[in-house]
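Below is one structure, written out as C-alpha cells; comments come after it.
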Amino acid sequence: MPNQALVRNAFKANIYKEDATINKFKKKLFVDSMEPFNRLQLSKEEFVLLRAIIFSHFVSTGLSQYGRQLLLTEAEKYSDILMKMLQVF
1 MPNQALVRNA FKANIYKEDA TINKFKKKLF VDSMEPFNRL QLSKEEFVLL
51 RAIIFSHFVS TGLSQYGRQL LLTEAEKYSD ILMKMLQVF
C-alpha cells in the first residue's frame, strides 16, 4: 500500500522516536486497526474490488446528481462482481 508507506514515513523522524503518544498512535493506526482486516486474507482481486466499492461510496458534496448516481452505479457493479467471485469459492 503506497499511501500507507508515505504516512508511516512521516512518523520516522528522530523527534518522534521517544514520544510515547506518537508511538501509541502509530501502533493503533498501523497494527491494531489492520489485524481484523488481515484476518480476512483477501486476494488481490478482492482487495481491489473492495477499495473500488469503498471509494465509490465516498460521495463529495461538490458532485452533481449525475456524478453521485454514476458513482453509486459503479459501486453496485463492483459489489456484484465481488459477490459473484465469493460465491464461486
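For the sequence shown, position 8 (counting from the first letter as 1) is numbered 8 according to full-length UniProt numbering, and the numbering increases by one without interruption. Ideal placement from N, C-alpha and C gives every residue a C-beta, glycine not left out.
By alpha-carbon distance to R51, the top candidate from G62, F30, I81 and A20 is I81. Here the alpha carbons of S64 and S79 stand approximately 23 Å from one another.
Of the residues R39, T73, Y66 and Q41, the one whose Cα lies closest to the Cα of I54 is T73.
Assigned with DSSP and collapsed to three states, T61 falls in coil, not helix or strand. Only residues of its own chain outside the window of five on either side were considered, and among them A75 have a CB closer than 7 Å to the CB of H57, listed in chain order. Across the structure, N23 and Y16 are spaced so that their CA atoms are roughly 8 Å apart. In terms of Cβ geometry, V59 and L49 do not form a close pair [threshold 9 Å].
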